[in-house]
Amino acid sequence: MSEDFDHRVTLFLRAVTAKKAQDVVALDVRGLTSIADCFILCHGTSSRQVSAIADHVERELRKRRIRPLSVEGASEGQWVLLDYGDVVVHVFFESTRRLYDLEGLWSDAPRLPLPAARRTRAPSRRRSAAPVEPLDGQ
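Take the sequence shown: its letters are residues 2 to 139, numbered as in the numbering used here.
Here it is, written out as structure tokens:
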């Protein structure tokens, strides 16, 4: 996988996961189709979340001057397709994803590794215990 391709796919994957997309899969479809190089599949648990994921991807990529060639299905919230040419992002409602089963349709495509989650440690809520004084006579 080329460094540019890897970096570009990582941008999309981070945008998708920032809105808690479920079951994120990146398929390398180079050599299998001329439509795109990568399909990113994920789902939300509500139509509102589906729309939020798709909107967030658009906003984050626009910050880098990357705009979609087309967006389909945004008003329905069942399946939003964001076509960026080399990368196509499919954001499904969970039951719609099962119905169309793109993972099954593209089962010959290798899965790309997902970027490691950025782990930030939450500050400890534990208070340091004050030394315990022994009771009188002990």
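Each residue gets a CB set at the ideal place from its N, CA and C atoms; glycine is no exception.
Keep in mind the model is a prediction, meaning the values are calculated, not measured.
* Closest residue to Val17 among Val89, Ser71, Pro116, Val58 (Cα-Cα distance) -> Val58
* **C-alpha distance - Phe6 paired with Pro69, whole-angstrom precision** => 17 Å
* **Nearest neighbour of Val26, chosen from Arg63, Ser52, Ile67, Phe40 [CA to CA]** => Phe40
* Asked: Would you say Ala55 and Val92 are within 8 Å of each other, going by their C-beta atoms?
  -> yes
* Asked: Pick from Ala110, Arg49, Thr34: whose alpha carbon is nearest that of Gly86?
  -> Thr34
* To do: Out of Tyr101, Thr97, Lys64, point me to the one whose CA is closest to Arg48's CA.
  => It is Ser, not Arg, that sits at residue 48 in the sequence shown. For Ser48, the nearest C-alpha among the options comes from Thr97.
* Contact set for Leu14: own chain, Cβ-Cβ below 8 Å, skip 5 residues either direction -> Val25, Ala27, Ile41, Leu115, Pro116
* Asked: Leaving out the 5 sequence neighbours to the left and right, which residues in its chain are closer than 8 Å to Gly105 when beta-carbon positions are compared?
  -> none
* Candidates Asp109, Arg65, Ser52, Glu77: which alpha carbon is nearest Ser21's? -> It should be noted that the sequence gives Lys, not Ser, for residue 21. The shortest Cα separation from Lys21 among Asp109, Arg65, Ser52, Glu77 belongs to Ser52.
* To do: Entirely within the segment 67 to 125 and at least 3 residues each: give me those beta strand (DSSP E) ranges in chain order.
  => 71 to 73, 80 to 84, 88 to 94
* Asked: Which two residues bound the contiguous alpha helix (DSSP H) that contains Val30?
  -> From DSSP, Val30 is part of no alpha helix (DSSP H); its letter is neither H nor E.
* Inter-residue spacing [alpha-carbon to alpha-carbon] between Leu82 and Asp29 -> 17 Å
* Taking 8 Å as the cut-off, decide whether the C-beta atoms of Val10 and Leu113 are in contact. => yes
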